[in-house]
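Take a look at the structure below.
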Amino acid sequence: MEVKSRHHLRGDEIDEIRDAVRETLGVEIDGDAFEDVEFVDSDQRVVLVDGEPLVVFFDGEPFLTVKGANAFPPERNVVTVDAGAVSFVSDGANVMRPGITAADGSIEPGALVAIAEETHGKVLAVGRADVAGSEMVGDSGKVVESLHHVGDELYGFSV
Numbered sequence: 001m002e003v004k005s006r007h008h009l010r011g012d013e014i015d016e017i018r019d020a021v022r023e024t025l026g027v028e029i030d031g032d033a034f035e036d037v038e039f040v041d042s043d044q045r046v047v048l049v050d051g052e053p054l055v056v057f058f059d060g061e062p063f064l065t066v067k068g069a070n071a072f073p074p075e076r077n078v079v080t081v082d083a084g085a086v087s088f089v090s091d092g093a094n095v096m097r098p099g100i101t102a103a104d105g106s107i108e109p110g111a112l113v114a115i116a117e118e119t120h121g122k123v124l125a126v127g128r129a130d131v132a133g134s135e136m137v138g139d140s141g142k143v144v145e146s147l148h149h150v151g152d153e154l155y156g157f158s159v
């Protein structure tokens, strides 16, 4: 990912991002410097917090990256997967019902979610829910579309 431009965000822009992440995930992003990054070959928007890519925008909606969710563990919009799903989710696979052990009941279809493994609670991926959180645990079917995962280009991005 080649950087096209970087610029510091204004206070009101930072407040909007912090408010959106707090409302969605129940966590407070702590940082002194917030920079907006644009890429040459991608229209993806990333925000560096103290030099680390911790926030990404999906369809104009700010959400924590995998690194961001591990730095600031989310309290809401979390889908937990079992050990058998870890390698698939880490490789960017969509999340299937049989691998899910728990899901936040307040998740609505279309919501962004953090996908964590059950043993240590580490976030492996970020996705978009296809169904409500209350309908995620079950025997078959895709329930979360993977958007960003451990090992992808965004995860490996550094400045």
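Okay, so the sequence shown: first residue is 1 according to the UniProt record's numbering, each after it adds one.
For every residue, glycine included, the Cβ atom is placed at its ideal position computed from N, Cα and C.
{"Asked": "Rounded C-alpha distance that separates residue 109 from residue 99", "Found": "18 angstroms"}
{"Asked": "Span separating the alpha-carbon of residue 132 from that of residue 105", "Found": "7 angstroms"}
{"Asked": "Same chain, Cβ closer than 7 angstroms to residue 84, five either side skipped, listed in chain order", "Found": "99"}
{"Asked": "Cutoff 6 angstroms; reference residue 20; Cβ partners in own chain excluding five residues on either side", "Found": "62"}
{"Asked": "Boundaries of the beta strand (DSSP E) in which residue 54 is found, first to last residue", "Found": "52-58"}
{"Asked": "Boundaries of the beta strand (DSSP E) in which residue 87 is found, first to last residue", "Found": "Run containing residue 87: none in the beta strand (DSSP E); it sits in the alpha helix (DSSP H), 83-90."}
{"Asked": "Close-in-space but distant-in-sequence residues of the same chain around residue 26 (CB under 7 angstroms, 5 per side omitted)", "Found": "74, 75, 76"}
{"Asked": "Straight-line Cα distance separating residue 60 from residue 72", "Found": "21 angstroms"}
{"Asked": "Rounded distance between the beta-carbons of residue 149 and residue 68, thought under 8 angstroms", "Found": "Residue 68 to residue 149, Cβ: 13 angstroms. No contact."}
{"Asked": "Residue 101: first and last residue of the uninterrupted beta strand (DSSP E) it sits in", "Found": "100-103"}
{"Asked": "Pairwise C-alpha distance: residue 52 and residue 153", "Found": "14 angstroms"}
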